[in-house]
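Engineer: Protein sequences, first through last, are from chains A and B.
Quick note: to get my numbering, add 629 to the position in the first sequence (first position is 1).
Quick note: to get my numbering, add 629 to the position in the second sequence (first position is 1).
Beta carbons are placed, not taken as given, at the ideal position from N, Cα and C, and that holds for glycine.
Please see the structure below; I have some questions.
Number of protein chains: 2
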Amino acid sequence: MGTGYQQVAAELRAAVDRGVYPPGSRLPSESELARSYGVARGTVRQALATLASDGLVSTRKGARRLVLGQQRLQGFNELRSFSEWAQALGETPGGRVVALVRRESTPAEAEQLGTGRVYHLTRVRLLSGRPVMVERTAYPERIGALVAGMDAGHDSITARLQELGVVFANAAHTLSAVVASAEDARLLDIRPRAPLLRELRLSTDADGVALEWSEDRYLGQAVAFTIHNSVHQNTLIRGLA
Amino acid sequence: MGTGYQQVAAELRAAVDRGVYPPGSRLPSESELARSYGVARGTVRQALATLASDGLVSTRKGARRLVLGQQRLQGFNELRSFSEWAQALGETPGGRVVALVRRESTPAEAEQLGTGRVYHLTRVRLLSGRPVMVERTAYPERIGALVAGMDAGHDSITARLQELGVVFANAAHTLSAVVASAEDARLLDIRPRAPLLRELRLSTDADGVALEWSEDRYLGQAVAFTIHNSVHQNTLIRGLA
DNA sequence: TCTCGACACTTGTCTATACACGTAGTAGCC
DNA sequence: GGCTACTACGTGTATAGACAAGTGTCGAGA
Numbered sequence: 630m631g632t633g634y635q636q637v638a639a640e641l642r643a644a645v646d647r648g649v650y651p652p653g654s655r656l657p658s659e660s661e662l663a664r665s666y667g668v669a670r671g672t673v674r675q676a677l678a679t680l681a682s683d684g685l686v687s688t689r690k691g692a693r694r695l696v697l698g699q700q701r702l703q704g705f706n707e708l709r710s711f712s713e714w715a716q717a718l719g720e721t722p723g724g725r726v727v728a729l730v731r732r733e734s735t736p737a738e739a740e741q742l743g744t745g746r747v748y749h750l751t752r753v754r755l756l757s758g759r760p761v762m763v764e765r766t767a768y769p770e771r772i773g774a775l776v777a778g779m780d781a782g783h784d785s786i787t788a789r790l791q792e793l794g795v796v797f798a799n800a801a802h803t804l805s806a807v808v809a810s811a812e813d814a815r816l817l818d819i820r821p822r823a824p825l826l827r828e829l830r831l832s833t834d835a836d837g838v839a840l841e842w843s844e845d846r847y848l849g850q851a852v853a854f855t856i857h858n859s860v861h862q863n864t865l866i867r868g869l870a
Numbered sequence: 630m631g632t633g634y635q636q637v638a639a640e641l642r643a644a645v646d647r648g649v650y651p652p653g654s655r656l657p658s659e660s661e662l663a664r665s666y667g668v669a670r671g672t673v674r675q676a677l678a679t680l681a682s683d684g685l686v687s688t689r690k691g692a693r694r695l696v697l698g699q700q701r702l703q704g705f706n707e708l709r710s711f712s713e714w715a716q717a718l719g720e721t722p723g724g725r726v727v728a729l730v731r732r733e734s735t736p737a738e739a740e741q742l743g744t745g746r747v748y749h750l751t752r753v754r755l756l757s758g759r760p761v762m763v764e765r766t767a768y769p770e771r772i773g774a775l776v777a778g779m780d781a782g783h784d785s786i787t788a789r790l791q792e793l794g795v796v797f798a799n800a801a802h803t804l805s806a807v808v809a810s811a812e813d814a815r816l817l818d819i820r821p822r823a824p825l826l827r828e829l830r831l832s833t834d835a836d837g838v839a840l841e842w843s844e845d846r847y848l849g850q851a852v853a854f855t856i857h858n859s860v861h862q863n864t865l866i867r868g869l870a
């Protein structure tokens, strides 16, 4: 059930979804919500911050919060693995290992993961059977040794690593567009030179130690990422970061 | 100079940049920072939330904050126009109007902006003289009438609209990849079928009224977007949505 | 009728305090 | 030496109260 503000946030979210607060309407004031939920105003503010971060409500100083709508697309607010991500979209995640090699790191990999040997995994990722992404991940030796023992076709590597005590804490994503290489095209069953959305991702643990460096190439037609924005300089917000 | 926590955040940011807290090191505790800046702990927490949202520090319950590094790429935390965005990157923004027409809205436009006539603006956006983006924006009639009177080649439309009392408050972005159309290729001076990063953007004012619906196509090679992530469910964070 | 000012309301910022719970180092025990 | 339990510390959550500043409404006055 989570903490207090998480419960309040969940109930507010549900209320918006149920149409209690339809898009375009205004939420009750923080004080009213605090009274009706029996919590302090600060707790309500923390809950509302999570809604704002998801783009569900808009905030303006002096005016009650505006309900924007009950959109639900996959955003970046949570750090999620492909498997979790797929499940959140209501699809069945899958994978097929193309290659897993242990080799000396390239200069680019060494810059991110440090010099030495790396395990390099190439996987095709499936959404309900359809290939939608090619994943090329370099793991430092310590992590790669664990990954090598897994069934990367079925398991969520992130979940398995978590069970083994390897926790992903932070990630930096960089998005751009590239053309499909011959291999990409073969793996995704598309024409060569088709456009792909490229995501470079460096994941680290809580100590800032790099755990994986990955280049993912998504089918432009099948997948999209969403982000919500506000001019509002601050307002304690949740999630992302 | 802004509010208290903004000043604290700016000073902490500067301290990280100056190397007072090098990457990999740990920040002083919230209590120590509060004492040394002469503010309450809550204020320090609010400042630290903004740093975390920029991916500058990582937080873990029970442990002091870890300094990740002084990266500085363009993120989504602020709602920025192309012009502001370019300037933040140290480049000179530019633009060239390809077409500005007033016409009946397409079904897709009507869904976002409401039925009726729209002004449709096609622009090539330049970064220090190089074309990097094609922008196709639909404005509702009221806004479009204002835009039509501007010098869209030189002015920042967003800035000019702001002067006229039209304030952009929220935006929802959706990112995917597409191939350059013949027109895209001609405007950006690239080969047809080159990969482009597509950003669909719906901007609204503080009342949730749509102000523009735009499809921007970025040169994949020239531009990249970055996002930072953390498993941390909450932590009051700033900026983004 | 229109404009402007007063006022109640609302959100943003800040302080102070308290407790829960995770972290990390230490000391003691086997 | 190595393991465990304890303990000091630090962050997360929550409360209560205060003031600043923006919003919107209503009423008085021109």
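For chain B, is any of its Cβ atoms less than 8 Å away from the one on residue 803 of chain A?
Structural biologist: For the purposes of this step, residue 803 of chain A is identified with residue 174 of the first sequence, where counting begins at 1. So yes, residue 803 of chain A belongs to the interface.
Engineer: Just to confirm my understanding: we take residue 666 of chain A, look at its own chain, exclude 5 residues before and 5 after, and list those with CB closer than 6 Å. What are they?
Structural biologist: As a working note, residue 666 of chain A is residue 37 in the first sequence. Hits under 6 Å: 637.
Engineer: Could you tell me the alpha carbon to alpha carbon distance between residue 742 of chain A and residue 831 of chain A, rounded to whole angstroms?
Structural biologist: Numbered from its first residue, the first sequence carries residue 742 of chain A at position 113. Numbered from its first residue, the first sequence carries residue 831 of chain A at position 202. The straight-line gap from Cα to Cα measures roughly 9 Å.
Engineer: Using a threshold of 8 Å, state whether the C-beta atoms of residue 723 of chain B and residue 698 of chain B are closer than that.
Structural biologist: Reading the second sequence from its first residue, position 94 is the one you call residue 723 of chain B. Reading the second sequence from its first residue, position 69 is the one you call residue 698 of chain B. Against a cut-off of 8 Å, the Cβ pair of residue 698 of chain B and residue 723 of chain B comes out as no contact.
Engineer: Is the separation between the beta-carbon of residue 680 of chain A and that of residue 686 of chain A shorter than 8 Å?
Structural biologist: If you number the first sequence from 1, residue 680 of chain A lands on position 51. If you number the first sequence from 1, residue 686 of chain A lands on position 57. Closer than 8 Å, so yes.
Engineer: Consider the Cβ of residue 808 of chain A: report whether some Cβ of chain B lies at a distance smaller than 8 Å.
Structural biologist: Taking the first residue of the first sequence as position 1, residue 808 of chain A is located at position 179. It does; some Cβ of chain B falls within 8 Å.
Engineer: So that I know if they touch, is there some Cβ in chain A lying closer than 8 Å to that of residue 633 of chain B?
Structural biologist: As a working note, residue 633 of chain B is residue 4 in the second sequence. It does not: the Cβ of residue 633 of chain B has no partner Cβ on chain A nearer than 8 Å.
Engineer: Would you mind stating whether residue 806 of chain A and residue 641 of chain B have Cβ atoms separated by less than 8 Å?
Structural biologist: Position 177 of the first sequence holds residue 806 of chain A. Position 12 of the second sequence holds residue 641 of chain B. It is not a contact, given that the beta carbons lie outside the stated cut-off.
Engineer: What residue does the alpha helix (DSSP H) around residue 712 of chain A start on, and which one ends it?
Structural biologist: Walking along the first sequence from the start, residue 712 of chain A turns up at place 83. Start and end: 711-717.
Engineer: Indicate whether at least one CB of chain B lies closer than 8 Å to the CB of residue 865 of chain A.
Structural biologist: Start at 1 with the first residue of the first sequence, and residue 865 of chain A comes out as number 236. In this prediction, residue 865 of chain A has a pLDDT of 42, which is less than 50 and means its spatial position is unreliable; nothing more can be read from the coordinates.
Engineer: What does DSSP give as the partner residue(s) for residue 854 of chain B in the beta ladder?
Structural biologist: Mapped onto the second sequence, residue 854 of chain B falls at position 225. Bridge partners of residue 854 of chain B: A:804.
Engineer: What are the boundary residues of the alpha helix (DSSP H) that residue 827 of chain B is part of?
Structural biologist: In the second sequence, counting from the first residue as 1, residue 827 of chain B sits at position 198. Segment 824-833 is the beta strand (DSSP E) holding residue 827 of chain B; no alpha helix (DSSP H) there.
Engineer: Leaving aside the five residues before and after residue 756 of chain B along the sequence, list all residues of the same chain whose C-beta is less than 6 Å from its C-beta, in chain order.
Structural biologist: Along the second sequence, read from residue 1 onward, the residue named residue 756 of chain B stands at position 127. So the qualifying residues of the chain are 715, 720.
Engineer: Please list the terminal residues of the continuous beta strand (DSSP E) segment that includes residue 751 of chain A.
Structural biologist: Looking up residue 751 of chain A in the first sequence gives position 122. Looking at the DSSP string, the run of the beta strand (DSSP E) that includes residue 751 of chain A is 746-756.
Engineer: The alpha helix (DSSP H) spanning residue 680 of chain A covers which residue range?
Structural biologist: Counting from one through the first sequence, the residue named residue 680 of chain A turns up at place 51. Counting along the chain, the alpha helix (DSSP H) containing residue 680 of chain A begins and ends at 670-682.
Engineer: When the Cα of residue 682 of chain B is compared with those of A:799, A:795, A:773, which residue comes out closest?
Structural biologist: In the second sequence, residue 682 of chain B corresponds to position 53, counting from 1. It is A:799 whose Cα lies nearest to the Cα of residue 682 of chain B.
Engineer: Would you say residue 801 of chain A and residue 814 of chain A are within 8 Å of each other, going by their C-beta atoms?
Structural biologist: Reading the first sequence from its first residue, position 172 is the one you call residue 801 of chain A. Reading the first sequence from its first residue, position 185 is the one you call residue 814 of chain A. No.
Engineer: Check whether the region 837-855 of chain B touches the region 845-853 of chain A, taking contact to mean three or more Cβ pairs, one atom from each stretch, closer than 8 Å.
Structural biologist: Segments in contact, no.
Engineer: With a cut-off of 8 Å on the beta carbons, I'd call residue 740 of chain A and residue 747 of chain A a contact; round off their distance for me.
Structural biologist: Against the first sequence, residue 740 of chain A aligns to sequence position 111. Against the first sequence, residue 747 of chain A aligns to sequence position 118. Incorrect: roughly 12 Å between the Cβ atoms, too far for contact.
Engineer: Rounded to a whole number of angstroms, what is the C-alpha to C-alpha distance between residue 744 of chain A and residue 841 of chain A?
Structural biologist: Along the first sequence, one-based indexing puts residue 744 of chain A at 115. Along the first sequence, one-based indexing puts residue 841 of chain A at 212. C-alpha separation (whole angstroms): 13 Å.
Engineer: Can you tell me whether DSSP reads residue 655 of chain A as helix, strand or coil?
Structural biologist: If you number the first sequence from 1, residue 655 of chain A lands on position 26. Strand.
Engineer: Return helix, strand or coil for residue 787 of chain B, following the three-state DSSP convention.
Structural biologist: Walking along the second sequence from the start, residue 787 of chain B turns up at place 158. In this structure, residue 787 of chain B counts as helix in the three-state DSSP scheme.
Engineer: What does residue 766 of chain A pair with, by DSSP beta-bridge criteria?
Structural biologist: Position 137 of the first sequence holds residue 766 of chain A. Residue 766 of chain A is bridged to A:750, A:843.
Engineer: Examine chain A for any beta-carbon lying closer than 8 Å to the beta-carbon of residue 695 of chain B, and answer yes or no.
Structural biologist: Working through the second sequence from its first residue, we reach residue 695 of chain B at position 66. So yes, residue 695 of chain B belongs to the interface.
Engineer: The alpha helix (DSSP H) spanning residue 743 of chain B covers which residue range?
Structural biologist: The residue given as residue 743 of chain B occupies position 114 in the second sequence. Unbroken run through residue 743 of chain B: none, as it is neither H nor E.
Engineer: So which residues on chain B does residue 711 of chain A lean against when the C-beta distance must stay under 7 Å?
Structural biologist: Within the first sequence, numbered from 1, the residue matching residue 711 of chain A stands at position 82. Near residue 711 of chain A there are no residues of chain B at all, since even the closest Cβ is about 14 Å away, more than 7 Å.
Engineer: Would DSSP call residue 736 of chain B helix, strand or coil?
Structural biologist: Locating residue 736 of chain B in the second sequence gives position 107, where the first residue counts as 1. If DSSP states are grouped into helix, strand and coil, residue 736 of chain B belongs with the helices.
Engineer: Identify every residue that forms a DSSP beta bridge with residue 665 of chain A.
Structural biologist: Taking the first sequence and counting its residues from 1, the one referred to as residue 665 of chain A is at position 36. According to DSSP, which records beta bridges pairwise, residue 665 of chain A is partnered with nothing at all.
Engineer: Give me the chain B residues within the contact set of residue 657 of chain A, using Cβ-Cβ distance strictly less than 7 Å, ordered along the chain.
Structural biologist: For the purposes of this step, residue 657 of chain A is taken as residue 28 along the first sequence, with counting starting at 1. In chain order: nothing, as chain B lies at least about 17 Å away.
Engineer: Along the region 638-667 of chain B, where does the CB come closer than 7 Å to a CB of chain A? Name the residues.
Structural biologist: So the close ones are 653.
Engineer: Compare the C-beta of residue 826 of chain B against all C-beta atoms of chain A and say whether one is closer than 8 Å.
Structural biologist: Counting from one through the second sequence, the residue named residue 826 of chain B turns up at place 197. Answer yes: the Cβ-Cβ gap between residue 826 of chain B and chain A drops below 8 Å somewhere.
Engineer: Output the distance between the C-alpha atoms of residue 839 of chain B and residue 660 of chain B, rounded to the nearest integer angstrom.
Structural biologist: Within the second sequence, the letter at position 210 stands for residue 839 of chain B. Within the second sequence, the letter at position 31 stands for residue 660 of chain B. One C-alpha to the other measures close to 44 Å.
Engineer: Mind checking if residue 636 of chain B is an interface residue toward chain A, Cβ cutoff 8 Å exclusive?
Structural biologist: As a working mapping, residue 636 of chain B is identified with position 7 in the second sequence. No, no contact with chain A.
Engineer: Taking the beta strand (DSSP E) that residue 692 of chain A falls in, what are its first and last residues?
Structural biologist: In the first sequence, residue 692 of chain A corresponds to position 63, counting from 1. Residues 692-696.
Engineer: Verify the CB distance criterion: does residue 687 of chain A have a CB-CB separation below 8 Å to chain B?
Structural biologist: Counted from its first residue, the first sequence places residue 687 of chain A at position 58. Yes, residue 687 of chain A counts as interfacial toward chain B.
Engineer: Below 8 Å on C-beta distance, what does residue 743 of chain A contact in chain B?
Structural biologist: One-based indexing of the first sequence puts residue 743 of chain A at position 114. Simply none; closest approach about 13 Å.
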